[in-house]
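So my numbering is basically just the index in the sequence shown, starting at one, shifted up by 449. C-beta atoms are modelled at their ideal positions from N, C-alpha and C, and glycine is treated no differently. Only a predicted model underlies this, so the values are computations on that prediction, with no experimental measurement involved.
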Amino acid sequence: MHSVASRSLKVFTTTLTAGLLAMGTPVLAAAAPPQGAQCANHQAPPPAVDTSERPAPGRAAPAALPVPSVPVGGPRLAECGLVTPDGALNPPDGNTAASWVLQDLDTGAIIAAKDPHARQRPASLIKTLLALVVVTQLKPEQVLVATKEDAEQECTCVGIVAGGGYTVDQLLHGLLMHSGNDVAHAFATALGGVDSTVTKMNAMAVRIGALDTRAATPSGLDGPGMSTSAYDLSLIFHYAMKQPEFAKAVATKDFEIPPAGGKPAIPVYNDNKLLGVYPGFLGGKTGFTDDARHTYVGAAQHQSKRLAVVMLRAEQKPTKVVDQAGKLLDYGFALEADHAEPVGRITYQPPATPESGEPSILPDGSTATNSGTSTSAAAKDDPFGVTGWIITLVVFLIIVGAFVVGHQRKKAAGS
Numbered sequence: 450m451h452s453v454a455s456r457s458l459k460v461f462t463t464t465l466t467a468g469l470l471a472m473g474t475p476v477l478a479a480a481a482p483p484q485g486a487q488c489a490n491h492q493a494p495p496p497a498v499d500t501s502e503r504p505a506p507g508r509a510a511p512a513a514l515p516v517p518s519v520p521v522g523g524p525r526l527a528e529c530g531l532v533t534p535d536g537a538l539n540p541p542d543g544n545t546a547a548s549w550v551l552q553d554l555d556t557g558a559i560i561a562a563k564d565p566h567a568r569q570r571p572a573s574l575i576k577t578l579l580a581l582v583v584v585t586q587l588k589p590e591q592v593l594v595a596t597k598e599d600a601e602q603e604c605t606c607v608g609i610v611a612g613g614g615y616t617v618d619q620l621l622h623g624l625l626m627h628s629g630n631d632v633a634h635a636f637a638t639a640l641g642g643v644d645s646t647v648t649k650m651n652a653m654a655v656r657i658g659a660l661d662t663r664a665a666t667p668s669g670l671d672g673p674g675m676s677t678s679a680y681d682l683s684l685i686f687h688y689a690m691k692q693p694e695f696a697k698a699v700a701t702k703d704f705e706i707p708p709a710g711g712k713p714a715i716p717v718y719n720d721n722k723l724l725g726v727y728p729g730f731l732g733g734k735t736g737f738t739d740d741a742r743h744t745y746v747g748a749a750q751h752q753s754k755r756l757a758v759v760m761l762r763a764e765q766k767p768t769k770v771v772d773q774a775g776k777l778l779d780y781g782f783a784l785e786a787d788h789a790e791p792v793g794r795i796t797y798q799p800p801a802t803p804e805s806g807e808p809s810i811l812p813d814g815s816t817a818t819n820s821g822t823s824t825s826a827a828a829k830d831d832p833f834g835v836t837g838w839i840i841t842l843v844v845f846l847i848i849v850g851a852f853v854v855g856h857q858r859k860k861a862a863g864s
């Protein structure tokens, strides 16, 4: 009898925990196994190959970000190596990325992954996080005047000129299409300076639940403490693609920034070579530094399915990274067609105190207030509510306890 009751309670508790996690309700760390310490780079990216991450004189190198005790996105995302649905075929050969994630852009389901929480460097993919700060704090029509320092940044550069006036929307296209470091610095200047902008980027990362991520520069150039993961960049991209200005910019193949500062118009061409080549491609972002190696994010739509892939620490041989990404997208669409069970889920973390009372956007498109309650999905997906689950658990425990006591009394009377 005790074993039956114990098994029943275990099943119920497991179900309850899953329900609470789905609602975004905090659960004790003991409810799920900690991330495996044996996974490569589970605390920090690999050692730098140059001096780019050496702290400035008088400053200490930042400590590694803490590893969450409960794997963000689901327990399987703490696994090392390939994380694929049970019974699924392995991903295509030739993929060189140290970490990658395939996700459903609409549902937030993670279809397959490799070392999703391994700490890597983002390179210019961190510009997606900068873009999120920009679209939430600056208006598209706002005009920014470039400074001499903005125009003289270490390139890749779009070619803005000191004294030239550009709208936020124009600069956003330059940031995301051609990965302009001069544009990134211009945005940083408008947002209060480089240090202030990096602080805002890191606050945004924490706010939406990207806990492996710490920006060191607005542009993605390597710096002390720079860190992210394939999971985090999938989350950031998922969030960013819900912002119309961002989605429009990454999907633009060519763009022209009007003449400014006495200089002619600047033609801008999208660096993402899958745009216009891969069927249904929606846009994305590329990046490279010596320490980060090649990084990539891209999304595509086939019929009603929108999938995205993030690749970190990849190499251009034996095939180009964009071609490797295309094969991973093919693999993801094939898994979706087979109705493969997801291995995890993008999980936004509603902020405790949102800026200006702004609600968080959840993966299903609903919003969450500062209490963490979804304004459109809660009633639909969770008819019981948190209180209902607790009451149900208490009632269940009372019933089990009464059953155990009654059984013991009958046993005593029979003897």
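Considering only residues of the same chain and omitting the five flanking positions on each side of residue i, which have a CB-CB separation below 8 Å?
i: LYS754; result: ASP553, ASP555, PHE782 and GLU785
i: LEU413; result: Nothing can be reported for residue 413, as the shown portion of the chain is limited to 450 through 864.
For the alpha helix (DSSP H) holding residue i, just list the boundary residues, first then last.
i: VAL594; result: Element bounds for VAL594: not the alpha helix (DSSP H) but the beta strand (DSSP E), 592-594.
i: LYS702; result: Counting along the chain, LYS702 falls outside any alpha helix (DSSP H), and DSSP gives it neither H nor E.
i: ALA774; result: 770-786
i: LEU731; result: Run containing LEU731: none in the alpha helix (DSSP H); it sits in the beta strand (DSSP E), 730-738.
i: VAL498; result: Premise fails: VAL498 is in no alpha helix (DSSP H) and is neither H nor E.
i: THR616; result: Run containing THR616: none in the alpha helix (DSSP H); it sits in the beta strand (DSSP E), 614-616.
i: ILE685; result: 679-689
i: ARG599; result: The residue you asked about is not Arg; residue 599 is Asp in the sequence shown. Element bounds for ASP599: 597-600.
For residue i, which of helix, strand or coil comes out of DSSP?
i: HIS751; result: strand
i: ARG656; result: helix
i: GLY793; result: strand
i: ALA471; result: Caution is warranted here: a pLDDT of 39 is assigned to ALA471, below 50, making its placement in the model unreliable, and the coordinate value is therefore given only provisionally. Three-state DSSP puts ALA471 in a helix.
i: LEU514; result: coil
i: MET760; result: strand
i: LYS649; result: helix
i: LYS697; result: helix
i: LEU538; result: coil
Our contact map puts residue i next to residue j with C-beta atoms below 8 Å; I'd like the distance itself, whole angstroms only.
i: TYR797; j: TYR688; result: 7 Å
i: SER548; j: LEU761; result: 5 Å
i: LEU625; j: VAL699; result: 5 Å
i: GLY711; j: LYS576; result: About 28 Å; that fails the 8 Å criterion.
i: LYS563; j: LEU531; result: 5 Å
i: ILE685; j: LEU581; result: 7 Å
i: THR579; j: PRO667; result: It should be pointed out that residue 579 corresponds to Leu in this sequence rather than to Thr. Indeed, because the Cβ distance is near 5 Å, the residues count as touching under 8 Å.
i: VAL771; j: ALA763; result: Not quite, the Cβ-Cβ distance comes to about 10 Å (not below 8 Å), so this is no contact.
Cutting at 7 Å between CB atoms, please list the residues of its own chain near residue i, excluding the five before and the five after it.
i: ALA639; result: LEU587 and LEU593
i: GLY775; result: LEU723 and TYR727
i: GLN591; result: THR616 and VAL617
i: PRO791; result: ALA558, ILE559 and ILE560
i: VAL583; result: VAL617, LEU621 and PHE636
i: THR701; result: HIS622, MET626 and ASN719
i: LYS869; result: Here the chain comprises residues numbered 450 to 864, so residue 869 is not present and cannot be evaluated.
In chain order, what residues of the same chain have a beta carbon less than 6 Å from the beta carbon of residue i, not counting five sequence neighbours either side?
i: LYS597; result: ALA611
i: ASP499; result: ASP739
i: SER573; result: SER628, GLY669 and GLY736
i: PRO741; result: The identity of residue 741 in the sequence shown is Ala, whereas the question assumes Pro. Excluding sequence neighbours, ALA741 sits near ARG570 and ALA572.
i: PRO418; result: This structure cannot speak to residue 418, because the chain is shown only from 450 to 864.
So is the beta-carbon of residue i under 6 Å away from any non-hydrogen atom of the ligand NAP?
i: VAL550; result: Of the ligands one can find in the structure shown there are none, so the ligand NAP has no counterpart to examine.
Where does the unbroken beta strand (DSSP E) through residue i begin, and where does it stop?
i: ASP553; result: 548-553
i: ALA561; result: 558-563
i: GLY584; result: Residue identity differs from the one stated: residue 584 is Val in this sequence, not Gly. Not the beta strand (DSSP E): VAL584 falls in the alpha helix (DSSP H), residues 576-586.
i: VAL632; result: Note, VAL632: premise wrong, no beta strand (DSSP E); alpha helix (DSSP H) at 630-639.
i: PRO504; result: No beta strand (DSSP E) contains PRO504, which DSSP labels as neither H nor E.
i: VAL716; result: The residue asked about is misnamed: residue 716 is Pro in this sequence, not Val. Note, PRO716: beta strand (DSSP E), 715-718.
| message | Assess contact between the segment 689-709 and the segment 666-678, defined as three or more Cβ pairs (one per stretch) separated by less than 8 Å. Is contact present? | response | no
Q | the segment 742-756 contacting the segment 640-657, beta-carbon criterion three pairs below 8 Å | A | Counting Cβ pairs under 8 Å, fewer than three are found: no touch.
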